[in-house]
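J.: Basically my numbering = 1-based index in the sequence shown + 903.
Here a beta-carbon is modelled for each residue, glycine too, at the ideal position from N, C-alpha and C.
Treat the numbers as computed from the prediction; the structure is a model and nothing was measured.
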Amino acid sequence: NPQNLLSANIASIFRNSLSEIPVKLATIPPFLILVAPRHTRSQRSYRYIIPDRQIILDNDIVQLVCVKCEKTNHGQDQPHDFYSCDACYWKESQSLSIATTDAKVLCYCGTCLTKLHKDLAHEITNHDTKKIDMNRHKLNLFAVLCIETSHYVAFVKFKQQNQRHEWMFFDSMSDRIHNEKNIPLVDRVPDFDRWIDDAEQDKYFFQDLDRIRSQARPSSQKFDENAMRQLRLFRDGIVFFYENSC
Ligand SMILES: [Zn+2]
Ligand SMILES: [Zn+2]
Ligand SMILES: [Zn+2]
904 NPQNLLSANI ASIFRNSLSE IPVKLATIPP FLILVAPRHT RSQRSYRYII PDRQIILDND
964 IVQLVCVKCE KTNHGQDQPH DFYSCDACYW KESQSLSIAT TDAKVLCYCG TCLTKLHKDL
1024 AHEITNHDTK KIDMNRHKLN LFAVLCIETS HYVAFVKFKQ QNQRHEWMFF DSMSDRIHNE
1084 KNIPLVDRVP DFDRWIDDAE QDKYFFQDLD RIRSQARPSS QKFDENAMRQ LRLFRDGIVF
1144 FYENSC
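#1: Report yes if the C-beta of Cys988 is less than 7 Å from at least one heavy atom of ligand 2; otherwise report no.
#2: Return the CA-CA distance between Phe1073 and Pro1087, expressed in angstroms with no decimal places.
#3: Near ligand 1, which residues have their beta-carbon closer than 7 Å to a heavy atom?
#4: Using beta-carbon positions only, say whether His1054 and Phe1061 come within less than 8 Å of one another.
#5: Jot down the residue ranges of each uninterrupted alpha helix (DSSP H) in the segment 1080-1133, minimum 4 residues, whole runs only, in chain order.
#6: Can you tell me the Cα-Cα spacing of Leu1112 and Ile1035, whole angstroms?
#7: Roughly how many angstroms separate the alpha carbons of Asn1065 and Cys969, rounded to a whole number?
#8: For Val1089, does the count of other Cβ atoms within 10 angstroms reach 16, so buried, or fall short, so exposed?
#9: Here's the rule I'm using: 16 or more other beta-carbon atoms within 10 Å means buried, otherwise exposed. How should Cys1015 be labelled?
#10: Opposite Thr1032 in the DSSP bridges: which residues?
#11: Could you tell me the boundaries of the alpha helix (DSSP H) in which Ile1027 lies?
#12: When the Cα atoms are used, what is the spatial distance from Lys1106 to Asp1096?
#13: Short of 6 Å in beta carbon distance, which residues of its chain neighbour His1040, apart from the five on each side in sequence? Order them along the chain.
#14: Nearer than 7 Å: is that true of the beta carbon of Leu1009 relative to any heavy atom of ligand 2?
#15: Would you please state the rounded distance, in angstroms, between the beta carbons of Glu1103 and Ile953? I believe it to be under 8 Å.
#16: Taking 6 Å as the limit between beta carbons, can you name the residues of its chain near Ala929, skipping five residues before and five after?
#17: Please say whether Ala1046 and Phe1144 have beta carbons closer to each other than 8 Å?
#18: For ligand 2, is there a heavy atom less than 7 Å away from the beta-carbon of Thr1017?
#19: Using the three-state DSSP reduction, which class does Ser948 fall into: helix, strand or coil?
#20: My output table needs one value for Leu908: the three-state DSSP class, helix, strand or coil.
#21: Alpha carbon to alpha carbon, how far is Gln1110 from Arg1079?
#22: Based on Cα-Cα distance, which residue from Leu935, Phe934 and Pro940 lies nearest to Asn919?
#23: Cα separation between Leu1134 and Ile1141?
#24: What does Met1071 pair with, by DSSP beta-bridge criteria?
#25: Using a threshold of 8 Å, state whether the C-beta atoms of Cys1010 and Ser987 are closer than that.
#26: For Arg950, which option in Asn904, Ala990 and Leu937 has the closest C-alpha, if you only look at C-alpha atoms?
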């Protein structure tokens, strides 16, 4: 956190860490698990982290490799546009050296595709070429694990029918009986989406949280329940779970 920011989006942290190394994902992941960075064992690099509800797997995150010449989309001098052509791929797949898996983006650079298509004559009508559009691939947030010392809580997305979803809050030790038995709690969080919107748009959102935080320990009963859960989400969020939606 070189600029000493009060908050950051987990997707930006992820993107920055990829470009710092620099490295890209070799495949389109079915799941992605991001961990909040810390600069010491106990200290987070950012006081608050906003979990993005969606991460678009664009060219900056996922590596494209031409299956023919093995050029990639790394760096400025490399080809920028990549294409898919199923007909060419089927014809050639036996002779290609790259090991392919389903999750890999099978594509050709413009130069190789032009070469492949040059001598095709009328057969070219069977070749359906598409420019690779990386913005189609998206990862959606489905859970956030939050830890305050040894107190774990989680926000989990439940899918409902007709594409809707609902966020739930899970607390394994929400209360205690006679200081010996933990009572777990599962509760709806109908405002989860609005909290994220507010955190992203409201300049004073985290200053307000800071004020709440300075007033009492978040586990204390003095807290407004929603403010407590917001603190848990943005301050204690440590593992962010994403799944591929398509
Ligand atoms: Zn190529
Ligand atoms: Zn082709
Ligand atoms: Zn939502």
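T.: With the given structure in hand:
#1: Under cutoff, so the answer is yes.
#2: 8 Å
#3: Cys969, Lys971, Cys972, Lys974, Tyr1011, Cys1012, Thr1014 and Cys1015
#4: In this structure, Phe1061 does not lie closer than 8 Å to His1054 by Cβ.
#5: 1095-1104 and 1108-1118
#6: 42 Å
#7: 38 Å
#8: Label assigned to Val1089: exposed.
#9: Buried, because 16 or more other Cβ atoms sit within 10 Å of the Cβ of Cys1015.
#10: Residue pairing by DSSP places Thr1032 opposite Cys988 in a beta bridge.
#11: Unbroken run through Ile1027: none, as it is neither H nor E.
#12: One C-alpha to the other measures close to 17 Å.
#13: So the qualifying residues of the chain are Ile931 and Leu960.
#14: no
#15: With a Cβ gap of about 6 Å, Glu1103 and Ile953 count as contacting.
#16: Counting only Cβ-Cβ distances below 6 Å, and skipping sequence neighbours, we find Gln966.
#17: yes
#18: It does not: the Cβ of Thr1017 is nowhere closer than 7 Å to a heavy atom of ligand 2.
#19: Under the three-state reduction of DSSP output, Ser948 falls in the coil class, being neither helix nor strand.
#20: coil
#21: 31 Å
#22: For Asn919, the closest C-alpha among the options Leu935, Phe934 and Pro940 is that of Pro940.
#23: Each residue's Cα considered, the two are about 12 Å apart.
#24: Val1059 and Arg1091
#25: yes
#26: Asn904
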